[in-house]
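Chemist:
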Ligand SMILES: Cc1ncc(COP(=O)(O)O)c(C=O)c1O
């Protein structure tokens, strides 16, 4: 058999081992997906586009309509994007990969705040770049700026920011985004800003884009998508924008790889960004779940978690139970019939478990009851 790409063997599958559908009756806190239906008007728009014959190839970067709508949407965060420099990708994930393929060379180092969403690590390894995991502050999961500076070497090429964050639920302070941008400017680094949870913020400060900070615009690739805020995970729609020169490279990636996202989804995607009611309803449901979930966990001895500030995850320290996180997750599934993600699947996540509140309130209450009874026994 011929030899294979030697990077493939180093690339993990993230949470995959713990995401498999559990047996009937298990409370599932693992999946990072809202349990809402995509808004009806968006579904109807896609159906109409199919009926109207939108079946062929189209503009590779995405239709002018959807690129214009994304550029307009981004002005809400103060991001000034030229629609010509917006590309619609098959999910935020693919946009992240394009950003890395365009900006990085093998052996370049990239700073991640650990524990980080594991796909970043996988993508970096896939292209031969080196993830450098800088632990966040354990008390609130915010970036440790001194440790970040200390991790920079002549090989450092980029920083990945994801705020609101998966898996920690942290929303970085405006001053932290400013400091991180300053570090990037001083060391001439790219910033890959994954803003996929940008509207799911429950703390007082909102999402802040590094592209709005002095020196940030020319080095930031802003990457987001429809999956979380609009409950459209399966549609595989994401966006990316950044400096024109980089976007030319990103367009080359997409032209060579995917051509474009499905033609008949583009109008529906544009429509979603203009909706007000449904994203607001989803947000309010998440905010309520976060309050209930956190207060129920506070009542369980051995589980300690800072209150999430955004996204829809709680990252809890379970070390007081005397179990490590793999044992905790394995036994929680078998004995309490609750499925959680063990933190040590991510560097820096040892002793932690991630729980998603993409599920409904009844499940959250039932899951917490089971965890409490299990740990008490
Ligand atoms: C931080 C982060 N970025 C990106 C994604 C994936 O987004 P998409 O479904 O648009 O590819 C996820 C999904 O879990 C995520 O948590």
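Numbering (this note's numbering), first residue to last: 284 to 660. Just so you know, even glycine gets a beta-carbon here, dropped at the ideal spot from N, CA and C. As the structure is a prediction and not an experimental result, all values here were calculated from the model.
#1: Hey, how far is the Cα of residue 515 from the Cα of residue 320?
#2: Output the distance between the C-alpha atoms of residue 544 and residue 632, rounded to the nearest integer angstrom.
#3: Run through the DSSP bridge pairs and tell me what residue 598 is partnered with.
#4: What number of angstroms, rounded off, separates the C-alpha of residue 634 from the C-alpha of residue 624?
#5: Taking DSSP as the reference, what is the three-state secondary structure of residue 395?
#6: Let me check understanding here. Comparing Cα to Cα, which of 605, 372 and 380 lies closest to residue 412?
#7: What first and last residue would you give for the beta strand (DSSP E) that runs through residue 418?
#8: Exposed or buried, what is residue 466 when buried is set at 16 or more other beta-carbons lying within 10 Å of its beta-carbon?
#9: Reducing DSSP to helix, strand and coil, say where residue 626 ends up.
#10: Can we count residue 600 as close to ligand 1, meaning its CB is less than 7 Å from some heavy atom?
#11: Classify residue 459 as buried or exposed, calling it buried when 16 or more other Cβ atoms lie within 10 Å of its own Cβ.
#12: Since residue 395 and residue 425 should fall inside the 8 Å C-beta cutoff, what is the C-beta to C-beta distance between them, to a whole number of angstroms?
#13: If you run the structure through DSSP and keep just helix, strand and coil, what is residue 475?
#14: How close, in whole Å, do the beta carbons of residue 454 and residue 592 come, if the pair is a contact with beta carbons under 8 Å?
#15: Whether or not the segment 573-589 and the segment 598-613 are in contact is what I'm after, with contact meaning three or more pairs of Cβ atoms, one per stretch, closer than 8 Å; do they touch?
#16: Quick one: any contact between the segment 491-511 and the segment 370-386, if contact means 3 or more CB pairs under 8 Å?
#17: With a cut-off of 8 Å on the beta carbons, I'd call residue 570 and residue 449 a contact; round off their distance for me.
#18: Return the bridge partner residues of residue 372 from the DSSP annotation.
#19: On a Cα-Cα basis, can you pick out the residue from 322, 548, 581 and 287 that is closest to residue 371?
#20: Cβ of residue 525 within 8 Å of Cβ of residue 365?
#21: Would you say residue 647 and residue 576 are within 8 Å of each other, going by their C-beta atoms?
#22: Mapping DSSP to helix, strand and coil, what is residue 548?
#23: Identify the continuous alpha helix (DSSP H) that holds residue 534 and give its terminal residues.
#24: Does any heavy atom of ligand 1 sit closer than 7 Å to the C-beta of residue 510?
#25: Which residues in the same chain as residue 653 place their Cβ atom closer than 8 Å to its Cβ, once the five residues preceding and following it in sequence are excluded?
#26: In its own chain, which residues sit with a C-beta less than 8 Å from the C-beta of residue 397, not counting the 5 before and 5 after it?
#27: Short of 7 Å in beta carbon distance, which residues of its chain neighbour residue 501, apart from the five on each side in sequence? Order them along the chain.
#28: Comparing the CB of residue 479 with every heavy atom of ligand 1, is any distance shorter than 7 Å?
#29: In terms of alpha-carbon separation, which member of 636, 642 and 649 lies closest to residue 400?
#30: So what does DSSP say about residue 311, is it helix, strand or coil?
#31: If you pair each beta-carbon of the segment 463-478 with each one of the segment 436-446, do three or more pairs fall below 8 Å?
#32: Report the residue from 512, 307, 498 and 542 whose alpha carbon sits nearest the alpha carbon of residue 556.
#33: For residue 314, collect the residues of the same chain with a Cβ closer than 7 Å to its Cβ; drop the 5 residues on either side in sequence, then sort them by chain order.
#34: Based on Cα-Cα distance, which residue from 546, 561 and 616 lies nearest to residue 333?
#35: Tell me the start and end of each unbroken alpha helix (DSSP H) in the segment 557-598 that is at least 4 residues and wholly inside, in chain order.
#36: Quick one, are the C-beta atoms of residue 698 and residue 658 less than 8 Å apart?
Modeler: In short:
#1: Annotation: residue 515 to residue 320 spans about 8 Å, alpha carbon to alpha carbon.
#2: When the Cα atoms are used, residue 544 and residue 632 turn out to be separated by approximately 34 Å.
#3: BP columns for residue 598 point to 637.
#4: Between residue 634 and residue 624, the alpha-carbon positions lie close to 11 Å from each other.
#5: In this structure, residue 395 counts as strand in the three-state DSSP scheme.
#6: Selected option, being the one with the closest Cα: 380.
#7: 413-418 is the span of the beta strand (DSSP E), which, as asked, contains residue 418.
#8: Result: buried.
#9: In the structure shown, the three-state DSSP call for residue 626 is helix.
#10: Not so, every heavy atom of ligand 1 lies at least 7 Å from the Cβ.
#11: Using a 10 angstroms sphere on the CB of residue 459, the tally of other CB atoms reaches 16 or more, which defines it as buried.
#12: In fact, because the Cβ distance is near 14 Å, the residues do not count as touching under 8 Å.
#13: Residue state for residue 475 is assigned as strand, using DSSP reduced to three classes.
#14: Right, their Cβ atoms sit about 4 Å apart.
#15: The segment 598-613 vs the segment 573-589: in contact.
#16: Yes: at least three Cβ pairs fall under 8 Å.
#17: About 17 Å; that fails the 8 Å criterion.
#18: According to DSSP, residue 372 bridges with 521.
#19: Comparing alpha carbon positions, the residue from 322, 548, 581 and 287 closest to residue 371 is 548.
#20: Cβ atoms of residue 525 and residue 365: not closer than 8 Å.
#21: When the beta-carbon positions are compared, residue 647 and residue 576 come within less than 8 Å of each other.
#22: Collapsing the DSSP output to three states places residue 548 in a helix.
#23: Note, residue 534: alpha helix (DSSP H), 527-540.
#24: Residue 510 Cβ: within cutoff of ligand 1.
#25: Cβ within range, chain order: 310, 619, 620 and 621.
#26: Taken in chain order, the residues that qualify are 416, 417, 418, 419, 629, 630, 631 and 632.
#27: Taken in chain order, the residues that qualify are 526.
#28: At least one heavy atom of ligand 1 is found less than 7 Å from the C-beta of residue 479.
#29: Out of 636, 642 and 649, the CA that lies nearest to the CA of residue 400 is found in 636.
#30: Three-state result, residue 311: strand.
#31: The segment 463-478 makes contact with the segment 436-446; the number of CB pairs closer than 8 Å reaches 3 or more.
#32: Of the candidates 512, 307, 498 and 542, the one whose C-alpha sits nearest the C-alpha of residue 556 is 512.
#33: The answer, listed in chain order, is 302, 639 and 641.
#34: For residue 333, the nearest C-alpha among the options comes from 546.
#35: The segment 557-598 contains these whole alpha helix (DSSP H) runs: 560-581.
#36: Any property of residue 698 remains undetermined from this structure, which presents the chain solely from 284 to 660.
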